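S.K.: I'd like to ask you about the structure that follows.
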Amino acid sequence: MLDDSKGIARDVTNIGHWGNGDYEIQLSNDDELEYIFSLIKQLYRIKSK
698 MLDDSKGIAR DVTNIGHWGN GDYEIQLSND DELEYIFSLI KQLYRIKSK
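Counted from 1, the sequence shown has number 714 at position 17 by the working numbering; the numbering is strictly sequential.
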């Protein structure tokens, strides 16, 4: 399970959507990039197990 304290990632596992992956993250400004990269790293670790 993703640890997203800011609540900006949406689980789209069981929702029809265009794209790939289980989460959707919308970027509203570039100040969030560092946090978003930390989420991506978390997801990579989860999926690579």
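We put the beta carbon where it would ideally sit given N, CA and C, even for glycine.
Model, not experiment: these values are computed from the prediction.
Return helix, strand or coil for I705, following the three-state DSSP convention.
M.R.: Against the sequence shown, residue 705 aligns to sequence position 8. Three-state DSSP puts I705 in coil, outside helix and strand.
S.K.: Report the option in I737, K746, S745, H714 whose CA atom is closest to the CA atom of A706.
M.R.: The residue labelled residue 706 in the question sits at position 9 within the sequence shown. The shortest C-alpha separation from A706 is found at I737.
S.K.: Expressed to the nearest angstrom, what Euclidean distance is found between the alpha-carbon atoms of N711 and I743?
M.R.: What you label residue 711 is simply residue 14 of the sequence shown in a count that begins at 1. What you label residue 743 is simply residue 46 of the sequence shown in a count that begins at 1. Answer to the nearest angstrom: the Cα atoms are 18 Å apart.
S.K.: Grouping DSSP H, G and I as helix and E and B as strand, with all else coil, what is I733?
M.R.: As a working mapping, residue 733 is identified with position 36 in the sequence shown. DSSP places I733 in helix when its eight states are reduced to three.
S.K.: Candidates H714, N717, L730: which alpha carbon is nearest K703's?
M.R.: As a first step, residue 703 must be located in the sequence shown, where it is residue number 6. It is L730 whose Cα lies nearest to the Cα of K703.
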